[in-house]
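For reference, the structure discussed in these notes is given below.
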Amino acid sequence: MKKSMKRLMMMLSVLFIFGLAGCGKYQSHYKAVMHVQTNTSDSGTLSFSEFEGTESFKIKCTDSGQKLKYSGKLDKGNATVYYDNGGKKTELFKVSAGEEINSTLEGLEKGDLYIIFETDEKCEEGSFSFEIL
């Protein structure tokens, strides 16, 4: 009986840990200082003092034809932002040190929209926002 109980507890622990780790389509992995990230069903923001790695957001498009309003700026480094709306990862924009971007992506499909923020070096003083309109 004790052995069965231990096995049951072990299996529940593994399931719990797997649930915490998540199994999303894109995984975030990064090193950051003063990192603030928010993600709701229709928006996402990212700001940091220092960041290196990948951060992903999942936003919901409730209807076809919606728009994504996005903006971003970076003081130091280079970053590339991608989106996936329908199964294909596509570049949305690149931003380099001192640049700022503010634009809109039109013609989104109904369903999940993934935003993937990637750097290949340490970036500093960045601020990015994404919102479904």
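With our numbering, the residue at position 5 of the sequence shown is -4, and numbering never jumps.
Even glycine gets a Cβ: it sits at the ideal position worked out from N, Cα and C.
Do you know how far the Cα of residue j is from the Cα of residue i?
i, j, result
"K113", "G63", "16 Å"
"G44", "S32", "23 Å"
"K58", "L96", "6 Å"
"K51", "K67", "31 Å"
"F119", "T53", "22 Å"
"I106", "G117", "16 Å"
Look up residue i in the DSSP assignment and give the residues it is bridged to.
i, result
"Q28", "L37"
"L65", "G117"
"K101", "For K101, which the question treats as bridged, DSSP gives no partner whatsoever."
Within the same chain, show all residues whose beta-carbon is closer than 8 Å to that of residue i, passing over the 5 residues directly before and after it, in chain order.
i, result
"Q18", "T45, S47"
"V27", "T36, L37, S38, F39"
"S34", "I50, S120, F121, E122, I123"
Under 7 Å Cβ to Cβ from residue i, same chain only, skipping five residues before and after it: list those, please.
i, result
"T71", "E82, K85, E109"
"K60", "T95, E122, L124"
Note down, in chain order, each residue of its chain lying with its Cβ closer than 6 Å to the Cβ of residue i, except the 5 sequence neighbours on either side.
i, result
"S55", "E100, K101"
Between the stretch 91 to 101 and the stretch 62 to 78, can you find at least three pairs of beta-carbon atoms closer than 8 Å? yes
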